[in-house]
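Undergrad: Residue 606 in the numbering used here sits at position 330 of the sequence shown; the count goes up by one each step and never skips. Mind looking over this structure? Questions follow.
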Amino acid sequence: MQQVKLGLIGGGTVGNAVYRGLLRNGDLMASRLGVRLEVVRIAVRDPRKTRETDLPAHLLTGDWKSVVHNPDVHVVVELIGGITTAKEVILAALQHGKPVVTANKALLSAHGEELFAAARANNANLYYEASVAGGIPIIKVLRESLVGNRITCLRGIVNGTCNYILTRMKLEGIDFSEALTEAQRLGYAEADPSLDIDGHDAAHKTGILASLAHGFWVQPGEVHTEGIRQITRLDIQFAARLGYTLRLLGVVKTVTPARLAPPGSRRRPVGPGIQVAVYPALVPDSHVLASVNHAFNAISVQGDIVGETLFYGRGAGGDPTASSVLSDLADAALDLKHGSHDRVPAFVPHHGGGHVVPMDAVPCRYYVRLAVLDRPGVFAKIAAVLAQARIGISSIIQPEGHDGDSVPVILMIHDAPDAKVRQALARIARLSAVKAPPVMIRVEGAEGATETRAP
Ligand code: NAP
Ligand code: HSE
277 MQQVKLGLIG GGTVGNAVYR GLLRNGDLMA SRLGVRLEVV RIAVRDPRKT
327 RETDLPAHLL TGDWKSVVHN PDVHVVVELI GGITTAKEVI LAALQHGKPV
377 VTANKALLSA HGEELFAAAR ANNANLYYEA SVAGGIPIIK VLRESLVGNR
427 ITCLRGIVNG TCNYILTRMK LEGIDFSEAL TEAQRLGYAE ADPSLDIDGH
477 DAAHKTGILA SLAHGFWVQP GEVHTEGIRQ ITRLDIQFAA RLGYTLRLLG
527 VVKTVTPARL APPGSRRRPV GPGIQVAVYP ALVPDSHVLA SVNHAFNAIS
577 VQGDIVGETL FYGRGAGGDP TASSVLSDLA DAALDLKHGS HDRVPAFVPH
627 HGGGHVVPMD AVPCRYYVRL AVLDRPGVFA KIAAVLAQAR IGISSIIQPE
677 GHDGDSVPVI LMIHDAPDAK VRQALARIAR LSAVKAPPVM IRVEGAEGAT
727 ETRAP
């Protein structure tokens, strides 16, 4: 049987799980593919380090170049992370005409176009199923399975660490920092966990999904990014009382932007395009994304022909990610076997391209929490500011309880452009009866929902 020999660069959480997966299911894959995959070399930072892994010591080296340049290595698997050495590894392998498999979303987000160009120029391919949503085969779905659809809306829980933290804060009432420590212990978090909790990891993944769905490469700076650091248990609890669950979402939607400049202004209006953003959002409990708990990921994709689809699975951790790496290895092996490196190229721009609509002009629904003095006339003043900005309120709720001399007031706001809501809230924050900066959280997935329930 034909053998495809693999050089792993990185033998950490994912590298070790890939090696273990091949030990376990290598025979099964060989019988399915007609090609046997064999790891012949593994580069790590420090081969002398004591490690509790399945990696045989004789395969380890501290010199990744010797692996990439080894003529016995047919496919290079980059699993070290980061955007410097990892980029060198991938470019070196592609320049040798070797296909590369990577799980590195940070690198693709930052340098995807350059890496795809290198793959094309060297007649090699770059496979990256494991870069988004761990074990969920969402890259294949967008590139192959839904190729006959225009994608109108994609909403995803794509960061396992944040979903784990938000789930444990809601279900068990534990603190943010305790939940983060546990996510790190379980191997979900990035080496630098601020990539997770500040939304950057989800932004990398959402940018990749947006690029594939819409056929132009979305630059990292075009992804509006908010994390979950500022989320409090109070808002999680109020959301629960209102029938919502808080989730960090990646959102890619075709939108017609709101006109922000006054009529007659010379500022050019932005035409229809796509919203690409990551933010914490309230999702109605009846929505399927609300029931995605712990480190699970889920992505709902709407196509103009297929309608709504949902993809669910483990989004972080060694084994789920290894499952996607194994899928890419199977594709790479079959492409080598059939000499078809460009059957599914790494990225193909669509004719006509597209553009990202600035977040300011994107309409959305909002949950707003204010801390106000409990005295007559306060609601009227707040409502007057919103009415002047032509922002509609769907409900006002004043839950029981005081915080010092102020009381919480929750406003559920109809679709309004982001910039308008921010401006109105800045005015509301200046009212003497408002005692703390307003909290503003978007609401997603409530299309067609009836009036919000009062607690
Ligand atoms: P990790 O546990 O930190 O492992 C990194 C590995 O790379 C270690 O074996 C390390 O060597 C090695 N390494 C670092 N610098 C190196 C260098 N210059 N030369 C050779 N080896 C080097 O990371 P991970 O969690 O497996 O993540 C790997 C990649 O998968 C990242 O891009 C990450 O974003 C992505 N990913 C991770 C997950 C997840 O759940 N963990 C899920 C999806 C995607 P030592 O062992 O000697 O330190
Ligand atoms: N840190 C990432 C997460 C790993 O928590 O989702 C999977 O990409």
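Note that the Cβ used here is the ideal one computed from N, Cα and C, for glycine as well.
1) Ignore the nearest five residues each way along the sequence and tell me which others in Ile507's own chain have a CB closer than 6 Å to its CB.
2) Check whether the Cβ of Gly735 lies closer than 7 Å to any heavy atom of the ligand HSE, and answer yes or no.
3) Can you round the beta-carbon distance between Leu222 and Tyr440 to whole angstroms, since I take them to be within the 8 Å contact cut?
4) Quick one: Cα of Asp694 to Cα of Cys640, how far?
5) Give the straight-line distance between the Cα atoms of Gly721 and Ala700, rounded to the nearest whole angstrom.
6) Go through its chain and collect everything with a Cβ distance to Gln568's Cβ below 6 Å, but skip five positions before and after it.
7) Roughly how many angstroms lie between the CA atoms of Val408 and Asp472, to the nearest whole one?
8) Look at Val352 and Lys381 and say whether their C-beta atoms are less than 8 Å apart.
9) If you follow the alpha helix (DSSP H) that Glu454 is part of, which residue opens it and which one closes it?
10) Taking 6 Å as the limit between beta carbons, can you name the residues of its chain near Val554, skipping five residues before and five after?
11) Cα separation between Ala571 and Leu612?
12) Give a single yes or no on whether Arg246 has its beta carbon closer than 7 Å to a heavy atom of the ligand NAP.
13) Looking only at its own chain, which residues have a Cβ that is under 8 Å from the Cβ of Gly630, when we skip the five neighbours before and after it?
14) Can you tell me where the alpha helix (DSSP H) holding Ile704 begins and where it ends?
15) With Met716 as the anchor, note down where its beta strand (DSSP E) starts and where it stops.
16) Taking 8 Å as the threshold (C-beta atoms), are Thr437 and Tyr464 in contact?
17) Given 7 Å as the limit, tell me if Glu466 has its C-beta closer than that to any heavy atom belonging to the ligand HSE.
18) Express the C-alpha separation of Arg590 and Gly410 in angstroms, rounding to a whole number.
19) Along the chain, where does the beta strand (DSSP E) containing Ala574 start, and where does it finish?
20) So Val343 and Leu602 are in contact, right, with Cβ under 8 Å, and what is the actual spacing, rounded?
21) How is the alpha helix (DSSP H) around Leu610 delimited, first residue to last?
22) At a threshold of 7 Å, does Arg517 count as lining the ligand NAP (C-beta to nearest heavy atom)?
23) Grouping DSSP H, G and I as helix and E and B as strand, with all else coil, what is Leu336?
24) Rounded to a whole number of angstroms, what is the C-alpha to C-alpha distance between Gly615 and Asn346?
25) Can you give the Cα-Cα distance for Ile673 and Arg505, rounded to whole angstroms?
26) Considering only C-alpha positions, which residue in the set Gln578, Glu676, Met688 is nearest to Ala659?
27) Give me whichever residues DSSP pairs with Thr530 in a beta bridge.
28) Alpha carbon to alpha carbon, how far is Lys341 from Val365? Give it in angstroms, no decimals.
29) Skipping 5 residues on each side, what residues in its chain have a beta carbon closer than 7 Å to that of Glu584?
30) Using 7 Å as the cut-off, classify the Cβ of Ile575 as near or not near the heavy atoms of the ligand NAP, replying yes or no.
31) Given 8 Å as the limit, is there contact between the segment 331-338 and the segment 353-362, that is, 3 or more CB pairs closer than that?
32) In the segment 349-384, which residue ranges form an unbroken beta strand (DSSP E) of at least 3 residues, counting only runs that do not cross its ends?
33) Quick check: the Cα distance between Val290 and Ala608, rounded to an integer number of angstroms?
34) Under the rule that 16 or more other beta-carbon atoms within 10 Å means buried, what is Glu466, buried or exposed?
35) Nearer than 7 Å: is that true of the beta carbon of Leu602 relative to any heavy atom of the ligand NAP?
36) Report the residue from Thr361, Ala692, Asn301 whose alpha carbon sits nearest the alpha carbon of Val531.
TA: Looking at the coordinates:
1) By one-based count along the sequence shown, residue 507 stands at place 231. Closer than 6 Å at the Cβ level, and outside the excluded window around Ile507, lie Pro556.
2) Outside the modelled stretch of the chain, which goes from 277 to 731, sits residue 735, for which no answer is possible.
3) An answer regarding residue 222 cannot be provided, because it is not within the stretch 277 to 731 covered by the chain.
4) By one-based count along the sequence shown, residue 694 stands at place 418. By one-based count along the sequence shown, residue 640 stands at place 364. Cα-Cα distance, rounded: 7 Å.
5) Stepping through the sequence shown from its first residue, residue 721 is reached at position 445. Stepping through the sequence shown from its first residue, residue 700 is reached at position 424. Looking at the two C-alpha atoms, the distance is approximately 24 Å.
6) Here residue 568 is taken as the residue at index 292 of the sequence shown, counted from 1. Residue identity differs from the one stated: residue 568 is Val in this sequence, not Gln. Ile433, Ala574.
7) Counting from one through the sequence shown, the residue named residue 408 turns up at place 132. Counting from one through the sequence shown, the residue named residue 472 turns up at place 196. When rounded, the distance between both Cα atoms is 13 Å.
8) Locating residue 352 in the sequence shown gives position 76, where the first residue counts as 1. Locating residue 381 in the sequence shown gives position 105, where the first residue counts as 1. Result no, Cβ atoms of Val352 and Lys381 do not sit closer than 8 Å.
9) Against the sequence shown, residue 454 aligns to sequence position 178. 452-461 is the extent of the alpha helix (DSSP H) around Glu454.
10) Taking the sequence shown and counting its residues from 1, one reaches residue 554 at position 278. Leaving aside the five residues that flank Val554 on each side, the residues in its chain whose CB is nearer than 6 Å to its CB run, in chain order, Gly475, Ala478, Ala479, Thr482, Thr501, Gly526.
11) In the sequence shown, residue 571 corresponds to position 295, counting from 1. In the sequence shown, residue 612 corresponds to position 336, counting from 1. In this model, Ala571 and Leu612 are separated by some 35 Å (Cα to Cα).
12) Any question about residue 246 goes unanswered here, given that the chain covers just 277 to 731.
13) For the purposes of this step, residue 630 is identified with residue 354 of the sequence shown, where counting begins at 1. Correct list, in chain order: His490, Gly491, Phe492, Gly549, Ile550.
14) Mapped onto the sequence shown, residue 704 falls at position 428. In the DSSP assignment, Ile704 falls within the unbroken alpha helix (DSSP H) covering 694-705.
15) What you label residue 716 is simply residue 440 of the sequence shown in a count that begins at 1. That run of the beta strand (DSSP E) goes 715-719.
16) If you number the sequence shown from 1, residue 464 lands on position 188. If you number the sequence shown from 1, residue 437 lands on position 161. In this structure, Thr437 lies closer than 8 Å to Tyr464 by Cβ.
17) Within the sequence shown, the letter at position 190 stands for residue 466. Distance from the C-beta of Glu466 to the nearest heavy atom of the ligand HSE is below 7 Å.
18) Translated into the one-based positions of the sequence shown, residue 410 becomes position 134. Translated into the one-based positions of the sequence shown, residue 590 becomes position 314. Straight-line measurement puts the Cα of Arg590 at about 6 Å from the Cα of Gly410.
19) Here residue 574 refers to the residue found at position 298 when the sequence shown is read from its first residue. Ala574 -> beta strand (DSSP E) spans 572-579.
20) Working through the sequence shown from its first residue, we reach residue 343 at position 67. Working through the sequence shown from its first residue, we reach residue 602 at position 326. With 8 Å as the limit, Val343 and Leu602 do not qualify as a contact, their Cβ atoms being about 19 Å apart.
21) In the sequence shown, the residue the question calls residue 610 occupies position 334. Segment 594-614, the alpha helix (DSSP H) holding Leu610.
22) Position 241 of the sequence shown, counted from the first residue, corresponds to residue 517. For the ligand NAP, not one heavy atom lies less than 7 Å from the Cβ of Arg517.
23) Reading the sequence shown from its first residue, position 60 is the one you call residue 336. The answer is strand: DSSP assigns Leu336 an E or B state.
24) Against the sequence shown, residue 615 aligns to sequence position 339. Against the sequence shown, residue 346 aligns to sequence position 70. The alpha-carbon separation between Gly615 and Asn346 amounts to approximately 21 Å.
25) The residue you call residue 673 lines up with position 397 of the sequence shown. The residue you call residue 505 lines up with position 229 of the sequence shown. The C-alpha of Arg505 is placed about 25 Å away from the C-alpha of Ile673.
26) On the sequence shown, position 383 is the one that residue 659 refers to. That would be Met688, whose Cα lies nearest to the Cα of Ala659.
27) Counted from its first residue, the sequence shown places residue 530 at position 254. Residue pairing by DSSP places Thr530 opposite Ile550 in a beta bridge.
28) What you label residue 365 is simply residue 89 of the sequence shown in a count that begins at 1. What you label residue 341 is simply residue 65 of the sequence shown in a count that begins at 1. Taken atom to atom, the span from the alpha-carbon of Val365 to that of Lys341 is near 8 Å.
29) Position 308 of the sequence shown, counting from 1, holds the residue named residue 584. Ser576, Gln578.
30) Counting from one through the sequence shown, the residue named residue 575 turns up at place 299. No, the beta carbon of Ile575 sits no closer than 7 Å to any heavy atom of the ligand NAP.
31) Not touching, per the Cβ criterion.
32) Runs found: 351-354, 376-378.
33) Locating residue 290 in the sequence shown gives position 14, counting from the first residue. Locating residue 608 in the sequence shown gives position 332, counting from the first residue. A direct Cα-Cα distance of roughly 18 Å separates Val290 from Ala608.
34) Walking along the sequence shown from the start, residue 466 turns up at place 190. Glu466 is classed as buried because its beta carbon has at least 16 other beta carbons within 10 Å across all chains shown.
35) For the purposes of this step, residue 602 is taken as residue 326 along the sequence shown, with counting starting at 1. Flag unset: Cβ of Leu602 not near the ligand NAP.
36) Within the sequence shown, residue 531 is the residue found at index 255, counting from 1. Relative to the Cα of Val531, the nearest Cα in the group Thr361, Ala692, Asn301 belongs to Ala692.
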